[in-house]
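Protein chains in written order, with my numbering: chain A, 80 to 266; chain B, 80 to 266. Where a beta carbon is used, it is the ideal one built from N, C-alpha and C, also for glycine.
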DNA sequence: TCTGGAATATGATTTCAATCATATGCTGCC
DNA sequence: GGCAGCATATGATTGAAATCATATTCCAGA
């Protein structure tokens with residue numbers, strides 16, 4: 080099943096594809112076909128700077144959509160390159176644009192987008208905290224430590240070593256508990 | 080004039096307010112009235128953690144909206160506190176929800192939100208670059224250096240000192256030009 | 001069951017950005 | 001016109017996170 084709000088679209092709007100490492104889904108400047116939902120695998124969005132610098136715009140992960148803005152644009156403005164094999168669903172630009180005439184879809188889309196924006200803002204605030212210990216604490220308070228510590232560290236833009244050390248310091252300070260290997264909770 | 084897409088809403092949906100430092104616009108748990116567009120001034124959104132930690136969720140700046148997700152929620156889930164006096168416009172939750180029945184508004188909202196998400200993802204990628212010089216270069220390539228260097232540094236989550244030093248190093252490396260005091264461009 | 005890979009965890013060292021300090025240019029305003 | 005405040009700019013020092021290294025545990029899969 081597709082994640083919200085794309086589950087509300089007719090099945091005719093979607094096309095499943097398997098992807099292999101190195102595949103190029105689209106190139107900067109190509110006509111837009113639509114957005115993508117990554118089921119499994121990894122995809123990088125990259126932009127090439129005026130002087131040839133490669134700049135990673137986004138790393139798409141399982142269960143998330145990417146290139147949403149392409150629905151509102153004539154041309155892709157970055158490259159999409161498959162890093163790890165997997166599968167994805169392409170969702171037609173025209174189907175999405177048409178679906179905005181359906182208030183249920185429109186509201187679901189709006190809700191989803193608003194929540195995403197909020198989550199991004201919060202992570203950006205947290206990432207702005209300089210001290211690793213404070214940053215990790217804020218990340219825990221924000222509920223970002225749900226999966227592995229390695230994933231958590233990546234979301235905080237810290238190395239996992241720094242994150243483990245901060246977690247230990249927080250445990251020693253009594254602010255966090257470590258009920259079992261790899262699990263941490265607010266004290 | 081309000082920023083997109085709220086300019087499409089009927090004027091009856093908006094209420095202008097002047098705000099003073101220290102004012103509380105809403106509290107965590109209060110019934111949601113709607114979202115806000117900050118015209119001038121500064122507003123912080125803060126959440127209080129389970130153990131009383133204050134965590135800044137977002138710093139709203141002039142010309143931007145905040146609490147968009149409240150439109151889809153019964154209760155505010157953070158506090159909104161005015162840091163610097165100014166003025167803002169409150170936009171009724173019910174008016175926004177109703178406006179999603181208008182495909183033009185829905186699409187404008189979708190486009191705006193998708194672009195914001197994209198911009199956030201890009202900034203997060205850039206902020207994840209460790210070396211100050213690489214980060215600053217990426218920021219320039221991404222077109223983030225439009226205002227002052229101080230603002231640019233804040234967006235990159237770097238101190239302005241580190242940013243100035245990186246800019247100088249980039250100029251010395253011939254990757255960036257410094258046509259006049261305070262202005263930098265790609266070489 | 002063995003094996004390989006990833007997550008967990010922590011120690012030692014290095015590096016580089018933060019911090020502290022200082023100076024100048026520019027702008028608005030009283 | 002002078003002063004306050006901010007942006008620009010750079011030097012010196014410090015501190016903390018990155019990096020490098022290593023060990024153990026856990027899990028999936030051959």
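query: Just to make sure I have the definition right: I need the residues of chain A whose C-beta is within less than 7 Å of the C-beta of residue 105 (chain B). Which are they?; result: What residue 105 (chain B) touches in chain A: nothing, since even the nearest Cβ is about 15 Å away.
query: Quick check: the Cα distance between residue 120 (chain B) and residue 95 (chain A), rounded to an integer number of angstroms?; result: 48 Å
query: Residue range of the beta strand (DSSP E) that residue 121 (chain A) falls in?; result: 113-127
query: Mind checking residue 259 (chain B): buried by the 16 CB within 10 Å criterion, or exposed?; result: exposed
query: Residue 136 (chain B): which of A:196, A:255, A:118 sits nearest, CA to CA?; result: A:196
query: Which value, in whole angstroms, describes the spacing of the CA atoms of residue 106 (chain A) and residue 147 (chain B)?; result: 33 Å
query: Do we get a CB-CB distance below 8 Å when we pair residue 182 (chain B) with the residues of chain A?; result: yes
query: Output, in chain order, the set of chain A residues within a Cβ distance shorter than 7 Å of residue 148 (chain B).; result: 193, 194, 197
query: Taking the C-alpha atoms as reference points, what is the distance between residue 116 (chain B) and residue 152 (chain B)?; result: 18 Å
query: Please confirm whether residue 89 (chain B) has its beta-carbon closer than 8 Å to some beta-carbon of chain A.; result: no
query: For residue 168 (chain B), list the residues DSSP reports as bridge partners.; result: B:95, B:116
query: Roughly how far, in whole angstroms, is the beta-carbon of residue 139 (chain A) from the beta-carbon of residue 150 (chain A), given that I think they are within contact range, below 8 Å?; result: Going by Cβ atoms, the distance from residue 139 (chain A) to residue 150 (chain A) rounds to 16 Å, so no, they are not a contact pair.
query: So if DSSP puts residue 137 (chain A) in a beta bridge, which residue, or which two residues, is it bridged to?; result: A:124
query: Counting only beta-carbon atoms, is residue 221 (chain A) nearer than 8 Å to chain B?; result: yes
query: Quick one, which of A:167, A:85, A:236, A:86 has its alpha-carbon nearest residue 208 (chain A)'s?; result: A:236
query: When the Cα of residue 186 (chain B) is compared with those of A:125, A:191, A:179, A:192, which residue comes out closest?; result: A:179
query: What distance in whole Å lies between the Cβ atoms of residue 161 (chain B) and residue 102 (chain B), which are believed to be in contact at a cut-off of 8 Å?; result: 4 Å
query: Using a C-beta to C-beta distance shorter than 9 Å, which residues of chain B count as neighbours of residue 137 (chain A)?; result: 197, 200, 201, 203, 204
query: Please classify residue 210 (chain A) as buried or exposed, where buried requires at least 16 neighbouring CB atoms within 10 angstroms.; result: exposed
query: Residues of chain B with CB closer than 7 Å to the CB of residue 117 (chain A), please, in chain order.; result: Under the 7 Å cutoff, chain B gives no residues; its nearest Cβ is about 14 Å from residue 117 (chain A).
query: Using CA coordinates, which residue listed in B:155, B:85, B:132 is at the minimum distance from residue 108 (chain B)?; result: B:155
query: Residues of chain A with CB under 7 Å from residue 190 (chain B), in chain order?; result: 151
query: Residue 246 (chain B) lies in the alpha helix (DSSP H); which residues open and close that run?; result: 239-251
query: Does the CB of residue 134 (chain B) have a neighbour CB from chain A at under 8 Å?; result: yes
query: In its own chain, which residues sit with a C-beta less than 7 Å from the C-beta of residue 232 (chain A), not counting the 5 before and 5 after it?; result: 238, 239, 242
query: Could you name the residues of chain B that residue 179 (chain A) contacts, counting a contact when the two beta carbons are closer than 7 Å?; result: 182, 185, 186, 189
query: Comparing the C-beta of residue 94 (chain B) with each C-beta of chain A, is any distance below 8 Å?; result: no
query: Is it buried or exposed, residue 200 (chain B), if we count other Cβ atoms within 10 angstroms and call 16 or more buried?; result: buried
query: Check whether the Cβ atoms of residue 263 (chain A) and residue 170 (chain A) sit closer than 8 Å, and answer yes or no.; result: no
query: With distances taken between CB atoms, is the gap from residue 114 (chain B) to residue 141 (chain B) smaller than 8 Å?; result: no
query: Taking 8 Å as the threshold (beta carbon to beta carbon), is residue 167 (chain B) in contact with chain A?; result: no
query: Distance cutoff 8 Å, beta carbons only. Does residue 269 (chain A) sit that close to anything in chain B?; result: Lying outside 80 to 266, the shown extent of chain A, residue 269 (chain A) is not represented and no answer is given.
query: Indicate whether residue 118 (chain A) and residue 164 (chain A) have their beta-carbon atoms separated by less than 8 Å.; result: no
query: Does chain B have any CB closer than 8 Å to the CB of residue 159 (chain A)?; result: no
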